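Down below is the structure, laid out as structure tokens.
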Amino acid sequence: MRIPIQEVTPGVERAEIVGFVHELRDLGGLSFLLVRDRTGIIQVTVPKKKVPEAVLSAVREVSRESVVRVRGTVKAIEKAPGGRELVPESFEIVSLAESPLPLDVVEKVPADLDTRLDSRFLDARRPRVAAVFQVRNACMQAVYEHLFSSGFIHITTPKVVAAATEGGTELFPIAYFEKEAFLNQSPQLYKQMMMGAGFEKVFEIGPIFRAEEHNTTKHLNEATSIDVEVSYADHHQVMALLEEIVIAAYRRVDSTCRAFLDLLELGDFEVPSSPFPRLPYEEAITIAQKKTDEPISYGDDIGTAAEKAIGEEMGSHYFIVDWPTAIKPYYAMPYDDDPSVCKAFDLMHPRMELSSGSQRVHQHDLLVRQIQSKGLNPESFLFYLTPFRYGMPPHSGWGLGAERLVMTMLGLQNIREAVLFPRDRHRLVP
Ligand code: ATP
Ligand code: MG
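In our numbering, the protein residues as written are 1 to 430.
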């Protein structure tokens, strides 16, 4: 019976393992192989005079990255990885790998990101690459668990839609029988409608599609959004929830992913502490004015240079709050006493934006006016507006980018490192 390589300790007498041939060395009378599964690496030592002929011929034939099944005796030996080696009684080639490999799994030859993504299945065999996705998995598990245990209902909303969430040009049109349709840029309108349906606390973790024209290191054309909406909550309450979720993800990684963090050379990994500072938009602009050469003034979007300057000043996670109504979407709730400012927030990592959210407008007529003031036509939003006429709880929510969470957590330089099969301006395959 096969056991995970990690469980083959020096104390075990006999073991059967299955894995990929990581390295292969022939030293005359001895052959050494390293065999790797997702839990670890073991040395298989083949003393040519002492093993059956069948083992010898299989070892002679095998190539790097082939899948092999090895059964034999375990010996404690200090120099080998994990302090043990396996001496085979049987050695079966389960699946022979062709040579040469399109990508070097052992990472002796550095490959650029494009080459790596072209052969992602091989790239992901690299322990350091797999570690990123183990960390992503731990984050997602923590997020799901936190939301389920807080009484959230998981929903699924359509990705093929008839109208834009926020207007604009960021949409991918698709052919939908005889109609034009789009890939949804956000579940925003649907999760709000579920507040109108009385679900109170919903979340969706799913793809969002953005036809961003530009190739940047923090934008994908298909990203994963962790989306939350809560009835009878204001923006402060959902900011507190967002803070909890981010910290829960960091905590889970801190407590379950130590080996992966070590592989990624993140020995100094730290869980951020709450509360994250709440920085009013106006003060954020003042910081940007002091610290950058690019002209920026009240009412402008916070661009990449400003984002970086403010992030350096703040040093760790923070919120930007109290945004001008004019630069936030129509569904963000203006303050009663000053409607030029709204109850919207962005959660920031020092390097970039992680999430946007707000208390939402729940009054039908105000919502119609705000849609109009953005130059959009309320007629195209009838399906969304109708629920606001039949009893709509006040509500708030946010959307958090899963890839940016992982990217910033692990200090990855490119968001594509946090996705198995990224979609960008130039990449549609694999
Ligand atoms: P940015 O200004 O950085 O492009 P945004 O304000 O357009 O982001 P939102 O519409 O607020 O993005 O989406 C909420 C979150 O979803 C973002 O904070 C980000 O984490 C994630 N997100 C949005 N668009 C993308 C994208 N193209 N690629 C990766 N993540 C994205
Ligand atoms: Mg945003």
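The beta-carbon is built from N, C-alpha and C at its ideal position, and this holds for glycine as well. Bear in mind that the values here come from a model prediction, so they are computed numbers and not experimental data.
Between residue i and the ligand ATP, is the CB less than 7 Å from at least one heavy atom?
| i | result |
| --- | --- |
| Ser396 | no |
| Leu264 | no |
| Ala433 | Since the first residue shown for the chain is 1 and the last is 430, residue 433 is missing from the structure and cannot be characterised. |
| His426 | no |
| Leu311 | The question names Leu, but residue 311 is Gly in the sequence shown. Checking every heavy atom of the ligand ATP against the Cβ of Gly311, none is found closer than 7 Å. |
| Ala223 | yes |
| Ser373 | no |
| Ser186 | yes |
| Leu400 | yes |
| Glu212 | yes |
| Ile205 | no |
| Arg423 | no |
| Arg404 | yes |
| His219 | yes |
| Val285 | Here residue 285 is Ile; the residue named in the question, Val, does not match the sequence. No, since every heavy atom of the ligand ATP falls outside the 7 Å radius drawn around the Cβ of Ile285. |
| Ile320 | no |
| Ile415 | yes |
Is residue i near the ligand MG, judged by its Cβ being under 7 Å from some heavy atom?
| i | result |
| --- | --- |
| Ser356 | yes |
| Glu166 | no |
| Glu353 | yes |
Use the C-beta contact count for residue i: other C-beta atoms within 10 angstroms, 16 or more gives buried, fewer gives exposed.
| i | result |
| --- | --- |
| Gly315 | exposed |
| Gln413 | exposed |
| Glu417 | buried |
| Leu382 | exposed |
| Leu241 | buried |
| Phe148 | exposed |
| Glu422 | Going by the sequence as given, residue 422 is Pro instead of Glu. Label assigned to Pro422: buried. |
| Gln192 | buried |
| Ser66 | buried |
| Asp346 | buried |
| Val68 | buried |
| Ala162 | exposed |
| Asn377 | exposed |
| Thr115 | exposed |
| Asn221 | buried |
| Lys50 | exposed |
| Leu113 | exposed |
| Val129 | buried |
| Arg36 | buried |
| Arg126 | buried |
Can you give the beta carbon distance from residue i to residue j, rounded, assuming they're within the 8 Å contact cut?
| i | j | result |
| --- | --- | --- |
| Ile93 | Glu61 | 7 Å |
| Phe172 | Ala211 | 5 Å |
| Glu85 | Val44 | 7 Å |
| Gln188 | Tyr331 | 7 Å |
| Gln146 | Ala80 | Correcting the residue type first, residue 146 is His in the shown sequence and not Gln. No, His146 and Ala80 are not in contact; Cβ-Cβ is about 41 Å, not under 8 Å. |
| Lys328 | Ala344 | 4 Å |
| Thr408 | Leu354 | 7 Å |
| Ile415 | His219 | 7 Å |
Taking 8 Å as the limit between beta carbons, can you name the residues of its chain near residue i, skipping five residues before and five after?
| i | result |
| --- | --- |
| Gly47 | Looking at the sequence provided, one finds Pro at residue 47 rather than Gly. Counting only Cβ-Cβ distances below 8 Å, and skipping sequence neighbours, we find Gly29, Leu30, Val87. |
| Leu420 | Arg120, Ala124, Phe133 |
| Val406 | Val132, Val135, Arg136, Cys139, Leu412, Ala418 |
| Val55 | Val46, Pro88, Glu89, Ser90, Phe91 |
| His455 | Look at the range of the chain in this structure, 1 to 430, and you will see that residue 455 is not part of it. |
| Val8 | Ala15, Ile17, Ile42, Val74, Gly82, Arg84, Leu86 |
Near residue i, which residues of its chain fall below 6 Å by C-beta distance, leaving aside the five closest residues on each side in sequence?
| i | result |
| --- | --- |
| Ile205 | Ile226 |
| Arg2 | Glu16, Val18 |
| Tyr335 | Val341 |
| Ala142 | Ala248, Ala249, Arg252 |
| Arg25 | Phe32 |
| Met484 | As shown, the chain starts at 1 and ends at 430. That puts residue 484 outside it, with no answer to give. |
| His426 | none |
| Glu170 | Gln185, Arg210, Ala211 |
| Gln6 | Thr39, Gly40 |
| Ala284 | Ile310, Ile320 |
Consider the C-beta atom of residue i and the heavy atoms of the ligand GDP; say whether any pair is separated by less than 7 Å.
| i | result |
| --- | --- |
| Ile245 | This structure does not include the ligand GDP; its bound ligands are the ligand ATP and the ligand MG. |
Starting from the C-beta of residue i, find all residues in its chain whose C-beta is less than 7 Å away, skip the five residues before and the five after it, and write them out in chain order.
| i | result |
| --- | --- |
| Pro430 | Arg120, Phe421 |
| Leu101 | Arg64, Glu65, Leu122 |
| Pro350 | Gly311, Glu312, Met314, Gly315, Ser316 |
Task: Contact between the region 177 to 186 and the region 367 to 384 (3+ Cβ pairs under 8 Å) - done: Short answer: they don't touch.
Task: Validate contact between the region 394 to 402 and the region 225 to 244 using beta carbons, cut 8 Å, 3 pairs - done: In the pairwise beta carbon analysis, the region 394 to 402 is classified as touching the region 225 to 244: at least three pairs are separated by under 8 Å.
TODO: Evaluate the contact criterion for the region 344 to 362 versus the region 320 to 330: three or more CB pairs, one atom per stretch, below 8 Å.
DONE: Contact between the region 344 to 362 and the region 320 to 330 is present, because at least three Cβ pairs lie under 8 Å.
Open item on the list: Whether or not the region 293 to 312 and the region 181 to 189 are in contact is what I'm after, with contact meaning three or more pairs of Cβ atoms, one per stretch, closer than 8 Å; do they touch?
Closed with: Put simply, the region 181 to 189 does not touch the region 293 to 312. Fewer than three CB pairs are less than 8 Å apart.
Open item on the list: Would the region 106 to 116 count as touching the region 69 to 77 if we require 3 or more Cβ pairs under 8 Å?
Closed with: When Cβ pairs closer than 8 Å are counted between the two stretches, the region 106 to 116 is seen not to touch the region 69 to 77, the count staying below three.
TODO: Count the CB pairs spanning the region 189 to 203 and the region 153 to 161 that are closer than 8 Å, and state whether there are at least three.
DONE: Under the three-pair Cβ rule at 8 Å, the region 189 to 203 counts as touching the region 153 to 161.
Open item on the list: Check whether the region 232 to 250 and the region 259 to 279 are in contact - that is, three or more C-beta pairs closer than 8 Å.
Closed with: The way I'd put it, the region 232 to 250 does touch the region 259 to 279; three or more beta-carbon pairs between them come closer than 8 Å.
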